[in-house]
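In this note's numbering, the protein residues as written are 243 to 844.
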């Protein structure tokens, strides 16, 4: 719009009789200009968030993989921006997802554990994302967005009884939920092993062996007449062994149906969950949601079950990759990403939609099948993996596409966090950020649009459960990116790249090595973290650590005292919280309401 006529000649001022009409004309033209500017302002975009489970940064082709086929994820990177230093706020599922949804370090909400167990393993646990937390789904819903979560939740379900659903996705801003409230585990798929092998050994097999040895020893002593052993002692020991065996068999029988099921909103849709065409069903649910909401702004969070074990894939993808069941799952997930992109194109929504692809943390390098087959992914050149704060555990894929807004083929090598999605989508949707709490994420759009060349994160803090493990510093006036470790996990066996003896790395006690002074790396020059710096190799060694310690001290002072949602009491199984579909099979809880379900794919 041309606004030059608003300028009045200085050498021929209007007389007083024309001043009021002239001012009204100027005001009218200004209002017209503002209205036209508003009409041309970019509309609020739809938001599609795609999150893989346990996918390593070295798995997608756009991050350097030459053998896994990920054409749709690669297409996103070509058509948008690729973040090469994108970081998970935690190297474990539950705390990372809590941070992602709230834009805050999980320790602020109590979603970080002070014990060994850092995630939920039972649906009938009482812990979960507190109702006081504000998710980006809540913010976008308040701005008129339709919101849906399809896939994995893993942030709790009930608090006090089996129907209060205090931690359910629908209590956190999602209008629609279809997926599993827990996570995918080896125990969810018959024949794929168990994550409870160590627990079975120490709680069942070792006690049974002790009881057996005790019975045999007492029997021999009694037969030799060396010790008088009443028959009741043998009876008690045998009853104890029978009880242990009964509890063990009951656990094996009931764990799968009680913890591995699909829900549609507040109702159980399939119990136990079937892996047959599961990705296709989740994808159909996601594309159906897009179709139903094509005329209104929407938020879709598609949280894949791939590629957490147990691995699964449909007939079209099974045994087709070069990387066994893991690779089959990655390639099937990539197909699902392509289906989402295709439906956006078909409905002419691609130009109006921000698409984000990531993983919740690094690949689980310790995942090995009973046959010795690697079931974990690739973290590329980076050390470590899931459950630890070496770069392999926290550096994740980060791809964003918004045609016409984010330049195609952009590559950003600045520290960013999965917490940044919260303020980014909130601002795009027109929602103010909460004023009553600290938001640790930062808006990504200045970086993505080229308005800024530096990340707003000068410091990032890396937590192992609730323990501050490392600090990252990106000085404003330098090219180095410093990372200081206060403690690191003890890899085992010696020389390994993970904690294979315990399946995951723990964050406390004898499982870690504390460092004083902290272990210092320059990630910009040593991204593989192979060469820790010393006062001899880095003259500013002590000054750098001093600045980082001061930042860490300031950060910890901002942490409130909150209830621990992952305490032993909150993660243990509580029978009164167990949900079960109505059926004649009793505690087995078996039903399949997906058959003939008209909601799937519509």
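Here a beta-carbon is modelled for each residue, glycine too, at the ideal position from N, C-alpha and C.
Spatial neighbours of residue i in its chain, beta-carbon cut-off 8 Å, leaving aside the 5 residues before and after
i, result
"residue 546", "292, 293, 294, 295, 393, 394, 521, 524, 575 and 578"
"residue 673", "381, 382, 384 and 385"
"residue 789", "715"
"residue 417", "383, 388, 389 and 390"
"residue 440", "744 and 745"
"residue 484", "none"
"residue 450", "483, 486 and 487"
"residue 796", "none"
"residue 529", "581, 582, 585 and 843"
Cβ-based neighbour list, residue i, same chain, cut-off 6 Å, excluding 5 preceding and 5 following
i, result
"residue 834", "512"
"residue 298", "604, 605, 619, 620 and 621"
"residue 707", "354, 355, 360 and 749"
"residue 510", "503 and 823"
"residue 685", "665, 666 and 669"
"residue 536", "589"
"residue 420", "392, 506 and 527"
"residue 564", "309"
Bridge-paired residues (DSSP) for residue i
i, result
"residue 598", "291 and 642"
"residue 394", "422"
"residue 706", "709"
"residue 654", "325"
"residue 671", "For residue 671, which the question treats as bridged, DSSP gives no partner whatsoever."
"residue 731", "754"
"residue 616", "610"
"residue 541", "289 and 389"
"residue 833", "513"
"residue 715", "701 and 724"
"residue 637", "329"
"residue 741", "734"
"residue 659", "329"
Burial state of residue i, where buried means 16 or more other Cβ atoms lie within 10 Å
i, result
"residue 593", "exposed"
"residue 763", "buried"
"residue 463", "exposed"
"residue 279", "Since pLDDT at residue 279 reaches only 38, below the 50 mark, its modelled position is unreliable, and no value is offered."
"residue 662", "buried"
"residue 339", "buried"
"residue 465", "exposed"
"residue 478", "exposed"
"residue 719", "exposed"
"residue 283", "Bear in mind that the predicted position of residue 283 carries a pLDDT of just 40, short of 50, making it unreliable; the figure below should be weighed with that in mind. Under this definition residue 283 is an exposed residue."
"residue 773", "exposed"
"residue 555", "buried"
"residue 831", "buried"
"residue 810", "exposed"
"residue 643", "buried"
"residue 800", "exposed"
"residue 373", "exposed"
"residue 405", "exposed"
"residue 738", "exposed"
"residue 341", "buried"
Expected contact under 8 Å - CB spacing of residue i and residue j to nearest Å
i, j, result
"residue 647", "residue 627", "Rounded, the Cβ-Cβ distance is 34 Å, inconsistent with contact."
"residue 410", "residue 508", "7 Å"
"residue 641", "residue 350", "At roughly 27 Å, the Cβ-Cβ gap does not stay under 8 Å, so residue 641 and residue 350 are not in contact."
"residue 323", "residue 690", "5 Å"
"residue 542", "residue 290", "5 Å"
"residue 793", "residue 713", "6 Å"
"residue 429", "residue 436", "5 Å"
"residue 638", "residue 330", "5 Å"
"residue 480", "residue 446", "That belief does not hold up - the Cβ atoms of residue 480 and residue 446 are roughly 16 Å apart, past 8 Å."
"residue 532", "residue 596", "Residue 532 to residue 596, Cβ: 14 Å. No contact."
"residue 711", "residue 683", "The Cβ separation is near 20 Å, so there is no contact."
"residue 732", "residue 366", "Wrong, their Cβ atoms sit about 33 Å apart, outside the cutoff."
"residue 735", "residue 742", "7 Å"
Chain-order list of residues whose beta-carbon lies under 7 Å from that of residue i (same chain, five-residue window excluded)
i, result
"residue 635", "333, 603, 604, 626, 627, 628 and 629"
"residue 550", "295, 296, 425 and 426"
"residue 617", "551, 553, 567, 568, 609, 610 and 611"
"residue 721", "766"
"residue 407", "399, 400, 413 and 508"
"residue 499", "513, 514, 830, 831 and 832"
"residue 727", "711, 712, 757, 760 and 761"
The ligand FAD heavy atom lying under 8 Å from the CB of residue i
i, result
"residue 621", "With respect to the ligand FAD, the structure shown offers nothing to examine, as it has no ligands at all."
Which residue spans inside the region 751-807 form an unbroken alpha helix (DSSP H) run of at least 4? 783-799
Residue ranges of each beta strand (DSSP E) run of no fewer than 3 residues wholly in the region 316-380, ordered along the chain? 323-325
Ignoring anything shorter than 4 residues, give me the alpha helix (DSSP H) runs that lie fully in the region 493-535, in order along the chain. 520-534
Every unbroken alpha helix (DSSP H) inside the region 434-484 [4 residues or more]: 439-442 and 448-465
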